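Peer 1: Okay, here's the structure, questions in a sec.
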Ligand SMILES: [Zn+2]
């Protein structure tokens, strides 16, 4: 059996004006992908590969590309990766199926729905008969084009996402079962007109914990192959922005519709339960709460400027507040500022010098902060080059590029031990489980930035109204939100 695989994944934030480039993706094509997959990992494509290989499938690789969430994908980058994928695909004949991982909320400059465009191009090349299944992020945005061009989607069920590999494996198994037993999956999706952040919908907490259990009950129905709740991605101002309930059945479209309508109804009945699952305050209050707590380190997520959802990761407002209050024993970062990083490289460890970096507001021409910095370390934050400076008793990480704060161990390359600090102020949304484990307490700071949690403060112009919470009182009839394959 010959199955094509590939992964192209990006979560695109339309409020961040910096486009995501080809360099940000570092795409890998063709057979080089297989050696990466053989080396092991936890991505959905690793899960897809493992299932297919364990069942003797001939795996035909196309593309493996992922970038940190950021601004829209540049048209040039997208077209290059799409062409690369289609070129690899054109090498293969006698294809039995296609199994991909896509984020589901990739928005492309000048195109919009990236996954819809990509699936359309793949379908045009392989024809309508070959089954195509994809795993998706839980924060995917389903469009009618995506629905029309794929046979089944299977989404993550955990946020933070700890079931990535498992979800890829589920998608691959779904495809294999359909091929072996000779049926075509069919799916139905019902839109949920809302904007909800990950920080209001962590899967271990209510209402998502109960809703995920409900998915498990739906999956237990004999004709159901998979069910998903897609939460969408709030920081993209496009007309098709919404969440969705999606059900895949063994060829029974009426049943898929019935279950998807039921899931959507259940979700909507719990709408007012989607609130912050961690204590959340404006930054000065979050800082005051952190200072009142005894044991460190208290972790404050600077969630308005979260690179994990496309923030620019250069807003220094929280640092300014800490310096004004003359606080110490705090770690802040990382601030992504390439030129400042490079300027520090020319300095001696232990030396002090004036340094300007970051921006005080999201305005493109906003000034940065100017401090007297002492260079403490040069090295890496995970895989990203970075330096550690100290100013006024506060340690600040400055990185060469945007980088998600996922694991305290990533700071070893800067000789930083998070346990040495009273407060960590991290460019992050909900805390990654490893930071959660290290912190004595976790707090959310509702800060300014391109991932601002106060949606009413963002200038949405294109989302279809009504949409919750920009509009609060409107009737919801799931039938009116049925997505049709176009
Ligand atoms: Zn996600």
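Numbering (this note's numbering), first residue to last: 448 to 933. The C-beta atom is built at its ideal place from N, Cα and C for all residues, glycine as well. Model, not experiment: these values are computed from the prediction.
Any heavy atom of ligand 1 closer than 7 angstroms to the CB of residue 606?
Peer 2: Against the chain shown, residue 606 aligns to sequence position 159. Checking the Cβ of residue 606 against ligand 1 gives yes.
Peer 1: Excluding five sequence neighbours on each side, which residues of the same chain lie with their C-beta closer than 8 angstroms to the C-beta of residue 539?
Peer 2: Position 92 of the chain shown, counting from 1, holds the residue named residue 539. Correct list, in chain order: 449, 451, 507.
Peer 1: Would you tell me roughly how many angstroms separate the C-alpha atoms of residue 909 and residue 683, rounded to the nearest one?
Peer 2: Position 462 of the chain shown, counting from 1, holds the residue named residue 909. Position 236 of the chain shown, counting from 1, holds the residue named residue 683. Looking at the two C-alpha atoms, the distance is approximately 9 angstroms.
Peer 1: Give the secondary structure of residue 920 by DSSP, where H, G and I count as helix, E and B as strand, and everything else as coil.
Peer 2: On the chain shown, position 473 is the one that residue 920 refers to. The answer is coil: DSSP assigns residue 920 none of H, G, I, E or B.
Peer 1: Unbroken beta strand (DSSP E) runs of length 3 or more, entirely within the segment 689-774: which are they?
Peer 2: Listed in chain order, the complete beta strand (DSSP E) runs (minimum 3 residues) inside the segment 689-774 are 690-696, 727-729, 745-749.
Peer 1: Would you grab the beta carbon distance between residue 836 and residue 769 for me? Rounded to a whole angstrom, and I think it's under 8 angstroms.
Peer 2: As a working note, residue 836 is residue 389 in the chain shown. As a working note, residue 769 is residue 322 in the chain shown. About 14 angstroms separates the two Cβ atoms, so there is no contact after all.
Peer 1: Taking the alpha helix (DSSP H) that residue 787 belongs to, which residues open and close that run?
Peer 2: Numbered from 1 along the chain shown, position 340 holds the residue referred to as residue 787. Segment 785-792, the alpha helix (DSSP H) holding residue 787.
Peer 1: Considering only residues of the same chain and omitting the five flanking positions on each side of residue 817, which have a CB-CB separation below 8 angstroms?
Peer 2: Locating residue 817 in the chain shown gives position 370, counting from the first residue. For residue 817, where only same-chain residues beyond five positions count, the Cβ hits under 8 angstroms are 801, 802, 803.
Peer 1: Can you find the residues in the same chain that come closer than 6 angstroms, C-beta to C-beta, to residue 929, ignoring five residues on each side of it along the sequence?
Peer 2: What you label residue 929 is simply residue 482 of the chain shown in a count that begins at 1. The answer, listed in chain order, is 637.
Peer 1: Are the Cβ atoms of residue 591 and residue 798 separated by less than 8 angstroms?
Peer 2: Here residue 591 refers to the residue found at position 144 when the chain shown is read from its first residue. Here residue 798 refers to the residue found at position 351 when the chain shown is read from its first residue. Contact: no.
Peer 1: CB residue 942 to CB residue 466, shorter than 8 angstroms?
Peer 2: With the chain running from 448 to 933 in the structure shown, residue 942 is simply not present.
Peer 1: When DSSP labels each residue in this structure, what does residue 926 get in the three-state scheme?
Peer 2: Counting from one through the chain shown, the residue named residue 926 turns up at place 479. Helix at residue 926.
Peer 1: Using 7 angstroms as the cut-off, classify the Cβ of residue 904 as near or not near the heavy atoms of ligand 1, replying yes or no.
Peer 2: Here residue 904 is taken as the residue at index 457 of the chain shown, counted from 1. Answer for residue 904: no, Cβ out of range of ligand 1.
Peer 1: What's the C-alpha gap between residue 648 and residue 723?
Peer 2: Locating residue 648 in the chain shown gives position 201, counting from the first residue. Locating residue 723 in the chain shown gives position 276, counting from the first residue. Roughly 8 angstroms separates the two Cα atoms.
Peer 1: At a cut-off of 7 angstroms, is residue 852 close to ligand 1 when judged by its beta-carbon and the heavy atoms of the ligand?
Peer 2: Indexing the chain shown from 1 puts residue 852 at position 405. Incorrect: residue 852 has no Cβ contact closer than 7 angstroms to ligand 1.
Peer 1: With a threshold of 7 angstroms (Cβ to nearest heavy atom), would residue 655 be considered close to ligand 1?
Peer 2: Within the chain shown, numbered from 1, the residue matching residue 655 stands at position 208. No, the Cβ of residue 655 stays beyond 7 angstroms of every heavy atom of ligand 1.
Peer 1: Which parts of the segment 789-819 are runs of the beta strand (DSSP E), unbroken and 3 residues or longer, counting only runs that do not cross its ends?
Peer 2: 799-804, all fully within the segment 789-819.
Peer 1: Let me have the residue list for ligand 1: C-beta closer than 5 angstroms to any non-hydrogen atom, ordered along the chain.
Peer 2: Cβ atoms closer than 5 angstroms to ligand 1 belong to 584, 586.
Peer 1: How far does the beta strand (DSSP E) with residue 608 in it extend, from its first residue to its last?
Peer 2: Taking the first residue of the chain shown as 1, we reach residue 608 at position 161. First-last for residue 608: undefined, no H or E at that position.
Peer 1: Using CA atoms only, rank isn't needed, just tell me which of 526, 921, 585, 584 is closest to residue 564.
Peer 2: Stepping through the chain shown from its first residue, residue 564 is reached at position 117. It is 526.
Peer 1: Just to confirm the assignment: which complete alpha helix (DSSP H) runs, minimum length 4, are found wholly within the segment 615-701?
Peer 2: Entirely contained in the segment 615-701, the alpha helix (DSSP H) runs reaching 4 residues are, in chain order, 655-666.
Peer 1: Measure the C-alpha to C-alpha separation of residue 785 and residue 468 and round it to an integer number of angstroms.
Peer 2: Along the chain shown, read from residue 1 onward, the residue named residue 785 stands at position 338. Along the chain shown, read from residue 1 onward, the residue named residue 468 stands at position 21. About 16 angstroms.
Peer 1: Just to check my reading of the structure: residue 654 and residue 885 have Cβ atoms closer than 8 angstroms, yes? What is that Cβ distance to the nearest angstrom?
Peer 2: Counting from 1 along the chain shown, the entry for residue 654 is found at position 207. Counting from 1 along the chain shown, the entry for residue 885 is found at position 438. That belief does not hold up - the Cβ atoms of residue 654 and residue 885 are roughly 28 angstroms apart, past 8 angstroms.
Peer 1: Could you please give the first and the last residue of the uninterrupted beta strand (DSSP E) stretch that includes residue 831?
Peer 2: Taking the first residue of the chain shown as 1, we reach residue 831 at position 384. 831-838 is the extent of the beta strand (DSSP E) around residue 831.
Peer 1: Can you look up residue 564 in the DSSP assignment and give me helix, strand or coil?
Peer 2: For this step, residue 564 is matched to residue 117 along the chain shown. Note: residue 564 maps to helix in three-state DSSP.
Peer 1: Please classify residue 844: does DSSP put it in a helix, a strand, or coil?
Peer 2: Taking the first residue of the chain shown as 1, we reach residue 844 at position 397. Looking at residue 844 - three-state DSSP - the assignment turns out to be strand.
Peer 1: In the structure shown, what three-state DSSP assignment does residue 534 receive?
Peer 2: Along the chain shown, read from residue 1 onward, the residue named residue 534 stands at position 87. In the structure shown, residue 534 sits in a helix (DSSP, three-state: H, G or I).
Peer 1: Check this for me: beta carbons of residue 757 and residue 458, under 8 angstroms apart or not?
Peer 2: Indexing the chain shown from 1 puts residue 757 at position 310. Indexing the chain shown from 1 puts residue 458 at position 11. Taking 8 angstroms as the Cβ cut-off, residue 757 and residue 458 qualify as a contacting pair.
Peer 1: Let me make sure I understand the geometry here. Which of 903, 694, 892, 711 has the alpha-carbon closest to that of residue 621?
Peer 2: Residue numbering aside, residue 621 sits at position 174 when the chain shown is read from its first letter. When each option's Cα is compared against that of residue 621, the closest is 694.
Peer 1: Would DSSP call residue 825 helix, strand or coil?
Peer 2: Your numbering for residue 825 matches position 378 in the chain shown. It is a strand residue.
Peer 1: Does the segment 665-683 come close enough to the segment 697-704 to have 3 or more Cβ pairs within less than 8 angstroms?
Peer 2: Segments in contact, yes.
Peer 1: When you compare the segment 737-755 with the segment 873-889, are there three or more beta-carbon pairs, one atom per stretch, that lie closer than 8 angstroms?
Peer 2: The segment 737-755, when compared against the segment 873-889, does touch it at the 8 angstroms Cβ threshold.
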